[in-house]
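As given, the protein sequences belong to chains A and B, one line each in that order.
Taking full-length UniProt numbering, the leading residue of the first sequence gets 1, the next gets one more, and so forth.
Taking full-length UniProt numbering, the leading residue of the second sequence gets 1, the next gets one more, and so forth.
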Amino acid sequence: MFFHIVLERNMQLHPRHFGRNLRENLVAKLMKDVEGTCSGQHGFVVAITGIENIGKGLIRDGTGFVTFPVKYQCVVFRPFKGEILEAVVTMVNKMGFFAEAGPVQIFVSNHLIPDDMEFQSGDMPNYTTSDGSVKIQKDSEVRLKIIGTRVDATEIFCIGTIKDDFLGVINDPATA
Amino acid sequence: MSGEEEENAAELKIGDEFLKAKCLMNCEVALILEHKYDQLQQMSDDPRNQVSQVFEKSLQYVKRFSRYKNPDAVKQVREILSRYQLTEFELCVLGNLCPETVEEAIAMVPSIKAKGRVHDDDAIDKMLNDLALIKKFE
């Protein structure tokens with residue numbers, strides 16, 4: 001799910017950036033530093049939308065750098081266990097398939113794909129029901145439920161399932 | 001947050017910070033990101049160099065999965081859903097997935113039927129009808 005939240009960060013600024021454009025420099029550096037990063041607690045920072053407050057700067061001993069506490073609003077993407085969302089299939093193999101929902105990767109193991117769907121190898125590997133009516137392949141859109149998340153320093157990985165009511169393919173690129 | 005183990009969106013256990021935060025539906029994110037992308041485009045010829053991969057992927061994703069394209073419709077969806085005593089998170093899941101039946105809605109957002117909530121099936125049905133109407137007249 002996407003959220004709009006307020007975060008705080010201490011920004012260190014080199015004295016050469018002081019002057020009339022201090023604020024612009026600070027904001028530009030903040031965007032460069034923060035946008036596109038990911039933390040386990042807040043998820044992926046997609047875009048900064050506004051600056052709430054820039055606090056009083058504090059000169060660091062010895063270096064001349066100044067630290068400013070900056071409060072900013074941003075759009076973040078944070079997946080949660082138990083959340084249901086839509087995703088695009090990016091890769092299919094006999095172990096299951098990978099899907100992407102915005103910046104996050106979700107793996108759905110073949111144990112969590114309905115039992116009536118069989119893996120078919122070939123140019124375009126896919127999972128298909130025995131009557132051929134439903135097919136999951138690259139670029140399919142699926143609705144899935146996140147059942148687990150793994151967080152490391154710079155990325156979040158999710159495990160999902162489509163073995164539940166109202167989950168599964170919502171749009172097949174072959175028939176669309 | 002009280003620990004990774006207890007996190008469960010189906011029971012609205014998403015941590016205090018996110019429960020109180022403003023959630024965004026995909027269509028709202030699309031409006032925000034497109035606006036920002038346009039701004040960047042005015043400043044430089046090739047905004048693709050300016051934005052992070054996370055931004056790029058998010059923009060593609062929300063464009064693909066936005067149920068409502070028209071900014072007025074997006075506003076209306078939030079307005080209508082907010083009449084039903086939903087939390088921000090529930091509101092956005094419903095707005096994103098647009099379930100068609102009461103059964104589907106409850107499967108997508110189990111917490112709306114949790115004990116202590118006021119929703120009966122009729123109220124949910126009315127809510128889904130209101131949503132479908134916006135889509136129809138968009």
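Cβ coordinates follow ideal geometry from the N, Cα and C atoms, glycine included.
In this text the structure is predicted, and so the values were computed from the model without any measurement.
Contacts of residue i in chain A (Cβ-Cβ under 7 Å)
i             : result
Cys92/B       : Met1
Val29/B       : Phe2, Val75
residue 142/B : Outside the shown range of chain B (1 to 138) lies residue 142/B, about which nothing can therefore be said.
Nonlocal neighbours in the same chain, by C-beta distance under 8 Å from residue i, ignoring five residues either side
i        : result
Val74/B  : Met25, Cys27, Glu28, Leu31, Tyr68
Ser130/A : Asp116, Glu118
Glu90/B  : Leu12, Val109, Ser111, Ile112
Arg9/A   : Leu30, Asp33, Val34, Pro69, Val70, Tyr72
Glu138/B : Tyr68, Lys69, Asn70, Ala73
Ala176/A : Annotation note: pLDDT 46 at Ala176/A (below 50); position unreliable, coordinate value reported separately. Excluding positions up to five away in sequence, the list is empty.
Asp121/B : Val102
Leu19/B  : Leu12, Thr87, Glu88, Phe89
Chain-ordered neighbours of residue i on chain B, where CB pairs are closer than 7 Å
i        : result
Thr49/A  : Ile32
Pro103/A : Val54, Lys57, Ser58
Lys81/A  : Glu7, Asn8, Ala9
Phe44/A  : Val54
Arg20/A  : Within 7 Å Cβ-Cβ: nothing; Arg20/A doesn't reach chain B, min ~19 Å.
Gly36/A  : Ser52, Gln53, Val54, Phe55
Per DSSP, cross-strand counterpart(s) of residue i
i             : result
Ser133/A      : Answer by DSSP bridge pairing: none, since Ser133/A is not bridged.
Gly43/A       : Ser39/A
Gly148/A      : Ile159/A
residue 252/A : Coverage of chain A is limited to positions 1 through 176, which leaves residue 252/A absent and any answer about it impossible.
Gly122/A      : For Gly122/A, which the question treats as bridged, DSSP gives no partner whatsoever.
Met91/A       : Phe98/A
Glu141/A      : Val88/A, Asn171/A
Phe77/A       : Phe2/A, Phe44/A
Alpha carbon of residue i to alpha carbon of residue j, nearest angstrom
i        : j        : result
Leu133/B : Gln12/A  : 51 Å
Lys22/B  : His111/A : 35 Å
Lys127/B : Tyr84/B  : For the sequence presented, residue 127/B should be read as Met rather than Lys. Taking the straight line from one Cα to the other gives about 8 Å.
Glu56/B  : Arg143/A : 21 Å
Thr101/B : Ile170/A : 16 Å
Leu59/B  : Leu33/B  : 6 Å
Glu83/A  : Asp130/B : 24 Å
Ile162/A : Ile146/A : 9 Å
Glu6/B   : Met43/B  : 45 Å
Met1/B   : Arg150/A : Residue confidence for Met1/B is low, a pLDDT of 46 falling below 50, so the modelled location carries little weight; the figure read from the coordinates is stated next. Cα to Cα, Met1/B sits roughly 16 Å from Arg150/A.
Gly55/A  : Thr49/A  : 18 Å
Gln105/A : Phe157/A : 6 Å
Val51/B  : Asn126/A : 33 Å
Leu86/B  : Gly40/A  : 26 Å
Leu81/B  : Ala99/A  : 29 Å
Gly36/A  : Gly62/A  : 32 Å
Arg78/B  : Cys92/B  : 8 Å
Asp123/A : Phe107/A : 21 Å
Cβ neighbour criterion (16 or more within 10 Å) applied to residue i
i        : result
Ser109/A : exposed
His119/B : buried
Leu94/B  : buried
Val6/A   : exposed
Asn53/A  : exposed
Met1/A   : buried
Leu58/A  : exposed
Ala153/A : exposed
Ala28/A  : exposed
Glu88/B  : buried
Lys36/B  : buried
Pro79/A  : buried
Asn96/B  : buried
Gln137/A : buried
Ala9/B   : buried
Ser140/A : buried
Residues of its chain near residue i, where Cβ-Cβ distance is below 6 Å and the 5 sequence neighbours each way are ignored
i        : result
Pro99/B  : Ala105, Met108
Leu85/A  : Ala101
Gly3/B   : Since pLDDT at Gly3/B reaches only 49, below the 50 mark, its modelled position is unreliable, and the value read off the structure follows with that caveat. Contacts found: none.
Asp125/B : Val102
Val62/B  : Asn26, Val29, Ala30
Per-residue contacts from residue i into chain B (C-beta, under 8 Å)
i        : result
Arg23/A  : In chain order: nothing, as chain B lies at least about 17 Å away.
Glu100/A : Lys57, Tyr61
Val88/A  : Tyr61, Arg64
Cβ shell of residue i (< 7 Å), same chain only, five flanking positions each side left out
i       : result
Gly64/A : Pro15
Gln76/B : Ile134
Lys81/A : Ile146, Ile147, Gly148, Thr149
Neighbour list for residue i in chain A, Cβ cutoff strictly below 9 Å
i       : result
Cys23/B : Met1, Phe2, Phe3, His4
Residues that residue i contacts on chain A, provided the C-beta gap is smaller than 8 Å
i        : result
Met108/B : Ile84, Phe166
Contact set between residue i and chain E, taken where Cβ atoms lie within less than 7 Å
i       : result
Lys69/B : Looking for chain E here will not work: the only protein chains present are A and B.
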